[in-house]
Amino acid sequence: MIRYNFRLFILFTVTIIFFVLLKNGHIFDVGIAFRKALVPEGAINSLLQPPSNISDEYQKLLVENVSLRSLAEENKQLKNLLNFRQEHNYNLVLANIISRDSANPSMMLISAGTDHGIEVGQPVVVNQGIMIGRVVEVGPDYAQVRLLTDKFSKLAVKIGEADSIAGLLSGSLGLSMNLTYVPQDREIKKGDLVLTAETGTAIPAGLLVGQIENIDFSQEELFKKAAVAPLLDYNTLSTVAVVSSL
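Position one of the sequence shown corresponds to residue 52 (my numbering), numbered consecutively onward.
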């Protein structure tokens, strides 16, 4: 009986202490004190911080993962270019992008030149024949390419499967393109594909260049205008091809 009363007294005392601490907001302090007494601070830190060798291995795996993704993307680009060459029987010269002009992102240097049959004016394509620019300067083993988004780029184009020239495509601030001199009676709409037109130059007809984004139309003007968006992000490219002869 005495032992039972003693246990009851202890339980009652602990309950009173608990409610007092809870009322004064100190119950969490007690929990922290018990945690520090039972689990040293250093042990917790060692659990939260992985060993240095694991961290180094993780960084190495990250680098390898990025490299594999880059290689996979490059292989995909090459496969698309090879398919394009087989479908159209073009003479393509593959090249890597060496660098881009920091002062003018619409210019880039590629790893093929006169030694590979490259000439000024030839179109540069990617994927399934999407034209992104043309050669403007060439050396023995390199070529300078002006992208279609460059403000000095001019290209005769057509809309969809039409045979006649629809207008003139010009670069706009290195980001997009503008289509001008489109006849008023020419039907164009958002989403229409823009392709190279037949001009008798080194650029073959039918190469994709972009897609109409919006149209500027006024009855008072002789021609329609349209904003044209590239079909891909030029900054993601690593491999291109030059159509060296038809």
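The C-beta atom is built at its ideal place from N, Cα and C for all residues, glycine as well.
Residue environment: Leu258 is assigned as buried (16 or more neighbouring CB atoms within 10 Å of its CB, all protein chains considered). Under the criterion of beta carbons closer than 8 Å, Val245 and Gly222 do not qualify as touching, at roughly 13 Å. The Cβ atoms of Val196 and Leu160 sit closer than 9 Å to each other. In this structure, Thr231 lies near Gly218, with their beta-carbon atoms less than 9 Å apart. Proximity to Gly211 across Asn140, Ala248, Val171 and Ala154 peaks at Ala248, based on C-alpha coordinates.
For the 9 Å CB-CB criterion, Arg237 and Lys205 do not form a contact.
CA-CA distance, Arg185 to Pro234, rounds to 26 Å. Per DSSP, the beta-bridge partners of Asp267 are Lys276.
In the three-state reduction of the DSSP assignment, Leu282 falls in the coil class. Taking 9 Å as the cut-off, the beta carbon of Met182 is found closer than this to the beta carbon of Ile254. Exclusion of the five residues before and after His139 leaves no residue of its chain whose Cβ lies closer than 6 Å to its Cβ.
With fewer than 16 other beta carbons inside 10 angstroms of its own, Val171 counts as exposed. Straight through space, the alpha carbons of Gly251 and Ser215 are spaced by roughly 13 Å. Put simply, the backbone Cα of Ala207 is about 14 Å away from that of Ala277.
The Cβ-Cβ distance between Ser295 and Ile169 falls below 9 Å. Pairing Tyr141 with Ile263, the inter-Cα distance amounts to about 27 Å. Annotated three-state conformation of Thr231 is strand, per DSSP.
At a Cβ-Cβ threshold of 9 Å, Ala280 and Leu143 do not count as neighbours. If you look at Gln195, you'll find it in the beta strand (DSSP E) that goes Ala194 to Leu198. Exposure of Asp166 is indicated by the presence of fewer than 16 other C-beta atoms within 10 angstroms of its C-beta.
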